[in-house]
Amino acid sequence: MPYNFMTIEKKWQEYWLANKTFRALDPRDAANMKKSYVLDMFPYPSGSGLHVGHVENYTATDIISRYQRMRGLNVLHPTGWDAFGLPAEQYAIKNNRHPREFTAKNIENFRRQIQMMGMSYDWDREIDTTDPRYYKWTQWIFLQLFNSYFDRIDAKAKPIAHLVHELMNENLVVAPDGEVVLNPVQEGMERISGDVRVERLWRELSPDEQRGVIDGQRLAYMDEVPVNWCPGLGTVLANEEVVDGRSEVGGFPVERRPMRQWMLRITAYADRLIEDLDMLDWPESLKEMQRNWIGRSTGATIEFEIDEATMPGASSQRFAQGSEPQAAPGPVGEAEADDDLLITVFTTRPDTLYGATYMVLAPEHPLVERITAATHRETIEAYRQVVASQSERDRTSDTKEKTGVATGAHAINPINDERIPIYIADYVLWGYGTGAIMAVPAHDQRDFDFAKKFNLPIRYVVRPAAGELPQDRAFEPEGIAINSELIDGLPTGEAKQKIIDVLSREGNARRSVNYKLRDWLFSRQRYWGEPFPILLDEAGNAYAVDESELPVTLPDLVDFKPTGTPEPPLSKAKDWLRVERDGKVFTRETNTMPQWAGSCWYYLRFCDPMNEKRFVDVEKEQYWMPVDVYVGGVEHAVLHLLYARFWHKVLYDLGHVSTPEPFLRLVNQGLILGELEFHAFQFSGDHAISTALLTDIREEATDHGVQMVATVTETRAKATGRRVPDDQVEKTSDGYRLKSNPQIRVDARSFKMSKSRGNVASPDDLVRDYGADALRLYIMYMGPLEMQKPWNTRDIVGMTRFLNAVWRNLAGDEENNKVAQIVDEPIPQAIDRQMHRTIKKVAEDIETLRFNTAIAELIKLNNEMNKLPAIPRDLATNFALMLAPLAPHIAEELWQRLGNTESLTRHPWPRYDDAKLVESTMELPVQVNGKVRGKITVAADADQDAILTAAAEAKGVQQWINGKEIKKRLYVPKKLVNFVVA
RNA sequence: GCAGGAGUGGCGGAAUUGGCAGACGCGCUGGUCUUAGGAGCCAGUACCGAAAGGUGUAGGGGUUCGAGUCCCCUCUCCUGCACCA
C-alpha cells in the first residue's frame, strides 16, 4: 500500500493556507533579513485551465522560493491574474455572458489548480488586473506617460511642466518640424531670420500651436496610424493577433486602415533599452531577440534633390488612395516647402554613394504624387493601388519577384551631380527608415535584382580586399572603394566617414541612427480592458482625468458587443460617456488599453498590493526591487518584456522607482512538447515504398484534421503517415522502421501540445492519478529547465516509486505493519559521507536551477537508505528537509511524523561538513595510452611515487606494459594515472 | 538568407578549468515473492564478439599522454527575425 498522497496533500495545502505560511515580511518586520524576489510570469486565466507548461514554470520558482526560505531569506513569491483580454471577451459574446463573470470563474479554477500543486505563494498579495483597485494605478501610470516627454539631451523622461517651463524661458525653441530643440541663441549662435527653417519661440506661437507642440512631445500621444482593422471582430488587432492576413480568433479578414490611435513613445527609449541589456543576467538569445526587434542600425541620412526640369506636367493634384502613410519615424523631417523638393534616404553604406544608379520610393511615400510625370501618372496610380490591396504577407513573401514602376522623375546624386531615375517599388517599405532608398545594385542584392529586371546600370564601387568581384550578384561585404573619385582606395569604414564629412559641409547628409522599433500602438476597440483616464473636448484634444477621480471604472454594459464600426463598444455607455468639468462638456475616451498594460507593472504592485495611496510604497519598492529571478516562457521575449522595461524606465526617470531595470535575472523555461509520436509512411494502398525517397516530412491540415505527409522525391507524389504505437517500431541504423514491415519508414517526433492534436496533458488528471508531489518531481526531472522536452506520462511512475520508497523508509507503511525503524543512532560512515555530499550537491543544483540532477541525487541517497536495516534520525530529518523544496507535501508529513510540530518551511537547510566529504582512500583508473586497463585503490594522501608504483603493478595493467618501454608516467592528482608506452 | 540553440543507448537525460562516457529515471530481460499485481525485492541492460578483445557521444579532419568537452569543415533539427536599405 503506497502512501496516501490525496489525504496528505490536501492536509498540508489547508495548513499552509490557514497559517499563511508563505507570507513575505514587510521590510519593517524583516529586521536585517536579506530579501529575495522570485517571480513567475503571472497567468492569463483562460477557460482551459492550467497547462503543464504553467506547472513547469511555477514549480521551478516554487522550489527556489522554498529553498531560499530555508536559507533564511525573506522571500517574496506572489501570483495573480492577467485577466483583461480578447479571449474572455470573445467567449462572453458568443455565450451571451459578461466577461467579468467568465473571468471570475476562470480565476477561481486557476487558483484551485495552483493550490492543488502546492505552490508556496503569498496569497495575501494576489493581484487581479481587472480589479478597479489595481487598474486605478495602471491608469495612474498611463497619466505619468501622458504628462511626460522625453528630453533628448539628458535622454530621460521629464514632466511636461518642465518642458513648458523651458520653452517659456526660451531655453528651448520649436523647430519647423514641430520638434523641440535647444535655443541656438543660448548656444551662442544667432537666429537667422528669413530662413524658412528658423526655430520659433514659445511666445511666437498661437495657443493652438502651443498645445500642438506639447501634445506632440508627450510619451502617450494620439496619432493617425495604419492599423489592423478586423471588421469581423469589430476591433483593431495587434500584429501578433493577425495570422496570414486573418484574425487569429475567428479567421476573419483583416485590413490595414488609418485610424486615430493612442501611441506610446517607446522609440525614445530604443538606445537605453539596448544598452541596459548588458547589465542583465538574461539568456543571450533573448537579449539578441530584443536587440533585433529594436533593430538599431547606424549610417547616414542623405538628401537628394529632385531635378525639377525633368518633371514635365507633374502636379500637386492628389491621388485617390486607400491608405494614408504613417509619419516617417526617421530622424530627418520631411521637406515640406514647395521650393525644396528633396528625397531623404537612410543608408548604412554611404561609401557606396557613387554606385547609386537609381532611387526608389515606397509606393506610399507622399512625394510620389508631387514628382510623378504626367506621362507616368496612370501606371504609378495603378501600381499604388495594387500594392495597397496586398496583404502584408503577399508583399513580403520572399519568393516574389521584384516589381515597381518609374515615376519619370529624376534626382541628383549629391556626390557627383549625376541624374538618376526615381522608381516606386514595394520592396521599399514605408514603415522603415525614410521610406526611400538610394539604390546601389552592385552592392545590395535586392537592388541588383531590381536593376536586372529593369535594365538599370550596375556600377561596382567597392572591391573585395582579396579576391574577385562577383559578376552575377551584388557584392555586399565591406572592402576597398573604387570608381569613387573622392574616396578611391579607402577601406569601407573610412570611406563612410569621408562621404558623410564631405556631404555634411553642404548640409546634404548627416550621421544618423535608425530603428525598426516603432511606437507602441496602445489602444483597442474592445470592452474588456482598462479605460483610458482621458477626457476629450469637442476638437478632440485630450485632457488627463484628475488623479483624484481615478479609477475611471469600466461601465457595466449589458451590450458590450463590438459596434461593427471603429467606434469602440464603450461609446454605447451614454451616461458614462458625457462628463462636465468647469461648465465645459467633455467626452470620455472610449478606446481601452491593450492586454499588455496590466502586466507592464504588476511586479511592482506585488511589493505593496493593498496600498490605496500610491501604486507602491517607496520604502517597500526600494526593499523588494529589483526582481531577483523571473521565470517564464520565451513567447514574451519581445512584447511583455520590452514593454515592461519601457514603463519601468519611464517610472525610474520620473523618480517613482529606484532601479533602472525591473528583472535582474531571467530564465525561460523550455516548452513541454507532446509525447513522442511515430508515424509510418506509405502510399495509399498497400504498396510499401522505398523509404529513402521520403523527404520533407511535415504536418498538413486536411478535412479530417492534421496529418503527416511526406514528399516522395522522384515521383513528386505524397505519402501520408499514420500514427503507430511505439511497440510496433524498431530503430535501425537508418532511422525507425515498422517491425512488421521494415520497408516502411517511421518518422518519430514530438509536437506542440494542442487540443486539436489531442496530446495535451491535463494537470487535474495527473494530480488525481499521481499526486502533486510526483507530478512536480516528474516535470522537474524531465531535463534542464531551459530545454525543450517531450512529455511522457509513462515516466511519472518512476517518481511515484521514489516517493513510495521514501515513505517506506521514513514513515513506514502502517497497513502492512512495516513501520520504518527510525533510530537515535549515529549515521554509518559510508552513508554519512553520501548524505553530506547530497546536501552540498542538492543545494548547488537548486541554486543553479538544475533540478533534474538534484532529484537524481536524492534518489541515489534514498536507494542507499533502502539498504539500511534502520534509519538514523538525523539522516531521516535531513532527507525530509532536502526533499521539501521539491516535494513539499510528503516532506511536511514526514517532518511531522519525525516529531516536529511546526512546518519545516523556515527550518534551516541542513549543513554539510567539508571534513566528512573527503574519503580516506580513493580509487584511481590506470590508463595505458589513454585506455583504462585497470584500477588501483590507494590512500587519499599517498604520494605520486607510491601511486605510480602501485599502478604499474595493478592487475590488467601488467600485460600492456610488460616488455615495453614506458615513455611517460602521468599522474593527474586525484583523477587518474596514464602510462604512455611505445 | 541572418541570428541564437541543439545533436550522447530503445526513450528522457548525466558527465565541461580536457581525465573511468552513459549517473538517475523510464522501458526491456531473467529471477524471486504472490490467488493476483500497474506493488516490493535481486540480477542484467551502449554496440560487435563465445571469449580475449574491439568499437562507440551527427559525419570528416586537427591539437593532446588523453577529446562528448578545445579548433577547422560538413550535415541535420529546433526557435526567432526576415525585401530593415
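Residue 0 is where the first sequence starts when you use numbering that gives the first Met the number 0, and the numbers rise one by one after that. Backbone N, C-alpha and C fix where the C-beta goes; we use that ideal spot for every residue, glycine too.
Counting the other Cβ atoms within 10 Å of the Cβ of I870 gives 16 or more, which makes it buried. Looking from the CA of Q384, the closest CA among I342, P362, V728 belongs to P362.
In the structure shown, M116 falls within a coil segment according to DSSP collapsed to helix, strand and coil.
Where Q12 is concerned, there is no enclosing beta strand (DSSP E), although the alpha helix (DSSP H) around it starts and stops at 4-18.
At a Cβ-Cβ threshold of 8 Å, I743 and Q681 count as neighbours.
The distance from the Cβ of P625 to that of E579 is about 44 Å, inconsistent with a contact at the 8 Å cut-off. A contact is defined here as three or more CB-CB pairs under 8 Å, and the region 113-127 meets this definition with respect to the region 757-777. Put simply, of W261, W80, L489 the residue whose alpha carbon is nearest the alpha carbon of P463 is L489. Using a Cβ distance threshold of 8 Å, T347 and L516 do not count as a contacting pair. Here I499 has A299, P349, A508, R509, R510 as same chain residues with Cβ atoms under 8 Å from its own Cβ, once five neighbours each way along the sequence are excluded. The region 572-588 and the region 618-637 do not touch, with fewer than 3 CB-CB distances between them shorter than 8 Å.
Every unbroken stretch of the alpha helix (DSSP H) spanning 4 or more residues and falling wholly within the region 84-109 is given here in chain order: 85-94. A residue is called buried once 16 or more other Cβ atoms fall within 10 Å of its Cβ, and R504, having fewer, is exposed. Counting of Cβ neighbours within 10 angstroms places P252 among the exposed residues, the total staying below 16. The alpha-carbon separation between A480 and L502 amounts to approximately 17 Å. For N227, the enclosing beta strand (DSSP E) starts and ends at 219-229. In the DSSP assignment, H76 falls outside any alpha helix (DSSP H), carrying neither H nor E. One Cα belongs to V666, the other to P884, and the distance between them is close to 19 Å.
Taking the Cα positions, M288 is about 11 Å away from L638. Note on K866: under 16 other CB atoms within 10 angstroms of its CB, so exposed under the neighbour-count rule.
Rounded to whole angstroms, the Cβ separation of M881 and V841 is 5 Å, and the two are in contact under 8 Å. Boundaries cannot be given for G488, as no alpha helix (DSSP H) includes it and DSSP labels it neither H nor E. W527 is not a Cβ neighbour of F109, given a cutoff of 8 Å. One alpha carbon belongs to A494, the other to V439, and they sit about 15 Å apart. Under DSSP, the beta-bridge partners assigned to Y148 are K157, R217. A distance of 8 Å or more separates the beta carbons of R697 and T591. The beta carbons of I671 and W790 sit closer together than 8 Å. Between the region 746-757 and the region 634-652, the count of Cβ pairs shorter than 8 Å is below three; the stretches do not touch.
In the structure shown, K963 adopts coil according to DSSP, grouped into three states.
DSSP places H53 within a helical segment (H, G or I) once states are collapsed to three.
In this structure, the beta-carbon distance from T137 to T102 does not fall below 8 Å.
According to the DSSP assignment, P887 belongs to the alpha helix (DSSP H) that extends over 887-896. Here DSSP, grouped into helix, strand and coil, assigns T406 to strand. Per DSSP, the beta-bridge partners of N977 are Q926, L969.
Q67 sits in a helix when the DSSP states are folded into three classes.
When DSSP reads this structure, S296 sits in a beta bridge with N513.
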